[in-house]
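In the numbering used here, the protein residues as written are 1 to 556.
For glycine and all other residues, C-beta sits at the position ideal for the given N, C-alpha and C.
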């Protein structure tokens, strides 16, 4: 998931997926919150359309106001949610999903299997333009539909009754129960969606809800910076929603957010920069310092499409392997981490540490680590070789990053200076834009180098390694890496897909292919320290997927 990001699966080795603010998972009878928990996000919501959302912050609200067949609990397991049962056939190719009786939308309409069929067909329809449709690629017919070679009605999802539907896959997918918890898999009310057309999800009034909360009053208008969530009276599990209300505001300045926390106007605040962390880590008034280890990787993408760059020489340069490798070798990741983050670690690949394990308990990131080293001398040699190959003596590259991020400008400044120092003839021009503009430019391949972050959607390496496969909407650099694709294809088909060790070996080969071609430039794996009000209980933090599950949060 773009960011600034079960039934138990016997074949997926899970990392630490969830962390509660206090003991208990929010199950059992509801505790009355003494007041509304007060939380913040650092940038605006982009959309409430579950088919279209791509960023972490939009998905926080979608995931707390809507729901899928499954939901990830505090133990990191995908458990039945709108579904009362999810059963797989012995060959793993057919799923039978039975819904709970009496499900309702927030407007009182019945929620049925038809709503899942409509939503999934809408997501894979290329006319919809869902970047997350690729998560449905293993459903029968999905790839053909997304390639405009088949009608959406041929998708392998069939309604059996109002409370039952079946799903047919093209290959066993060990993490399918987790996929069912993703927002693109959420049901949609066809009548309501078609009433608003392209405006669906552009405000809370033009969105329908199936989850624990709904927006209060005017809610989110599409532009406002504060809004309230209230318990959904039609939610099937409303008795286990701990708070009647949760208040949110958009706070873009991290220093302002810290002050609001100290004034008692926020119940949690991130300390994402070294300065913020060092200045506030000792604050103890009704406060606990927590470290949120996210399954998120910060990396640089290179535009290798040959178009959309700031100048023709940039296009040639970024298509040259020696130049990309030189840029990777000239990147001092350790200093970036030390100067711009508060607890993150140097990346050794695309898949972050702490998310998934191999069968012998080794962290997958350690198992698949590649030698992304800092070597200015070798970088200079490759740089000069690459310049000669493209017939240039100098290159001007733009570097695009978020205006909304507290660390992005620092990282851009460091790279602007250090890369130019290590690579004679290179000029880096900073392009600092709002988060939503960066997402748009990335999607449209309108950049030279862009700073991207991806937060895992589920605790398995494929949530990262699927980003750059054929047909993915997230290969912003537009590169083609046949070795990478071959490794992915092997991992996602029989026999390897059902063999942990073989699948992980294929994933490792994919990581090596990214490294060998310098397809991307991984920078760090993100950890964010935060101050948390000790009176706030039950806030479920997930390292993947829905980062903050509000179902169990309350103020004691």
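Cα atoms of residue 459 and residue 183: separation of roughly 16 angstroms, rounded to the nearest angstrom.
Non-local beta-carbon contacts of residue 501 in its own chain, meaning distances under 6 angstroms to residues more than five positions away in sequence, involve 359 in chain order. Residue state for residue 497 is assigned as helix, using DSSP reduced to three classes. A Cβ-Cβ distance of about 17 angstroms is found for the pair residue 514 and residue 382, leaving them out of contact under the 8 angstroms criterion. Counting only residues of its own chain and dropping the five nearest sequence neighbours on each side, residue 309 has a CB closer than 6 angstroms to the CB of 303, 315, 448. When 412, 136, 101, 60 are compared, the shortest CA-CA separation from residue 463 is found for 136. Straight through space, the alpha carbons of residue 150 and residue 291 are spaced by roughly 47 angstroms. Taking 8 angstroms as the upper bound for CB-CB distance, residue 372 and residue 348 are in contact here, some 6 angstroms apart. Remark: three or more beta-carbon pairs, one from each stretch, lie closer than 8 angstroms, so the region 107-118 and the region 184-204 are flagged as touching. Residue pairing by DSSP places residue 270 opposite 530 in a beta bridge.
Beta-bridge partners of residue 38 (DSSP): 247.
Note on geometry: alpha-carbon atoms of residue 122 and residue 128 lie some 7 angstroms from one another. When beta bridges are read from the DSSP output, residue 94 appears opposite 168. When 440, 402, 428 are compared, the shortest CA-CA separation from residue 434 is found for 402. Beyond the five residues adjoining it in sequence on each side, residue 427 comes within less than 8 angstroms, by CB distance, of 394, 395, 396, 397, 420 in the same chain, given in chain order. Rounded to whole angstroms, residue 108 and residue 212 show a C-alpha spacing of 14 angstroms.
In the structure shown, the three-state DSSP call for residue 404 is coil. The three-state secondary structure of residue 319, taken from DSSP, is coil. Minimum Cα-Cα distance from residue 51 among the listed residues 193, 144, 425, 72 corresponds to 193. For the options 202, 279, 241, 306, the alpha carbon positioned closest to that of residue 259 is the one of 279. Look at the region 426-495 and you find these whole runs of beta strand (DSSP E), each 3 residues long or longer: 426-433, 449-455.
Burial of residue 456 is indicated by the presence of at least 16 other C-beta atoms within 10 angstroms of its C-beta. In the DSSP secondary-structure assignment, residue 503 is not bridged to any residue. Apart from sequence neighbours up to five positions away, the residues of its chain that approach residue 112 with a beta-carbon distance below 6 angstroms are 162, ordered along the chain. By the CB criterion at 9 angstroms, residue 322 and residue 386 fall inside the cutoff. Annotation: residue 332 to residue 317 spans about 21 angstroms, alpha carbon to alpha carbon. Looking at the DSSP output, residue 205 sits in no beta bridge, so it has no partner there.
Following the DSSP letters along the chain, one finds residue 333 inside the alpha helix (DSSP H) bounded by residues 333-340. Between residue 338 and residue 274, the CB-CB gap stays under 9 angstroms.
Residue 444 counts as exposed, since fewer than 16 other C-beta atoms from the protein chains shown sit within 10 angstroms of its C-beta. Segment contact: the region 200-218 against the region 511-531, fewer than three CB-CB distances shorter than 8 angstroms; contact not assigned. In the structure shown, residue 398 adopts extended strand secondary structure according to DSSP, grouped into three states. In the DSSP assignment, residue 295 falls within the unbroken beta strand (DSSP E) covering 287-302. Fewer than three pairs of CB atoms, one per stretch, sit closer than 8 angstroms, so the region 141-159 makes no contact with the region 479-494.
When C-alpha distances from residue 399 are compared across 384, 416, 391, the shortest belongs to 416. In the assembly as shown, residue 263 is an exposed residue. Its beta-carbon has fewer than 16 other beta-carbons within 10 Å.
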